[in-house]
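Residue numbers (this note's numbering): 6 to 200. Okay, structure first, notes after.
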C-alpha cells in the first residue's frame, strides 16, 4: 500500500511487488459535515482549535506523542478510536476528549469538525485516516515516515515532521492555530483526494 512497505518487502527478497494505493469515500468524508454543535460538545469554544487523531489506540500508533500538544493555548485534543491502550492514553492525555470508536456519518462529522488532524505513528504502512481527514477539508500533520510520505506533499496538502522530533510536531501544529495558516492546506488536501 506504500513505497515504504514495498521497500521493506524488497529487503526480504519478495519478488514481483506492485504498489496498490487505496482511495477514500469523498461523499462520506467531506468538508460540509463540519458541525458547530459537535465542536462545542467536544470542548471547543470560540477561537479554540480542535486537534484530533483517529485510529486504533495501540502502541504502534504512538498516540501518546500528542501529549506535547496539550499545553498549546487554545488547543483542544480529541481522540477518536478504541484499542488496548485506551486506558493508558486517557491517563497520559488527561486533557483530551476520548470519543471511543465511531463509524459512518458520525465518524465523518467528527473528522470534518476538527481543525487539524495529527498522525504521529512512525510505523504506519498506509494512512487511511489521513486521506479521510484531507477529504474532509482538514489540515493534516503527520510524521515523515512510512505511508504518510505517499499521501502528504509537505507544505502543499499537509505538513510532515521529522520522526521522533516532538518539538517539531508541536511547532508544526502551533503554526496552524490560525485559520488562515491552515486554509490552503485544507483546500489542497481535499483536491488531492478528489483525483
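Each residue gets a CB set at the ideal place from its N, CA and C atoms; glycine is no exception. Predicted, not measured: the structure shown is a model, and the values here were computed from it.
Going straight from the alpha carbon of residue 35 to that of residue 197, what length do you get?
13 Å
Please state if the CB of residue 168 and the CB of residue 236 are separated by a distance shorter than 8 Å.
Given that the chain is displayed from residue 6 to residue 200, the structure contains no residue 236 and the question cannot be resolved.
Using a threshold of 8 Å, state whether the C-beta atoms of residue 100 and residue 67 are closer than that.
Contact flag unset, no.
For residue 151, which of helix, strand or coil comes out of DSSP?
coil
Cα-Cα separation between residue 45 and residue 90, rounded to whole angstroms:
26 Å
Simplified DSSP assignment, three categories, for residue 71:
helix
Tell me whether the beta-carbon of residue 86 lies closer than 8 Å to the beta-carbon of residue 61.
Residue 86 places its beta carbon less than 8 Å from that of residue 61.
Report the CB separation of residue 122 from residue 57 in whole angstroms; it is logged as a contact under 8 Å.
6 Å
Taking buried to mean at least 16 other C-beta atoms within 10 Å of its own C-beta, is residue 141 buried or exposed?
So residue 141 counts as buried.
Mapping the DSSP letters down to three states, classify residue 82 as helix, strand or coil.
In this structure, residue 82 counts as strand in the three-state DSSP scheme.
CA-to-CA distance, residue 104 to residue 150, given in whole angstroms
Take the alpha-carbon of residue 150 and the one of residue 104: they are about 27 Å apart.
Quick one: measure Cβ to Cβ for residue 116 and residue 137, integer angstroms, because I've assumed they're closer than 8 Å.
Between residue 137 and residue 116 the Cβ distance is about 6 Å, and since that is below 8 Å, they are a contact.
Own chain, CB closer than 6 Å to residue 120, minus 5 neighbours either side, in chain order
54, 55
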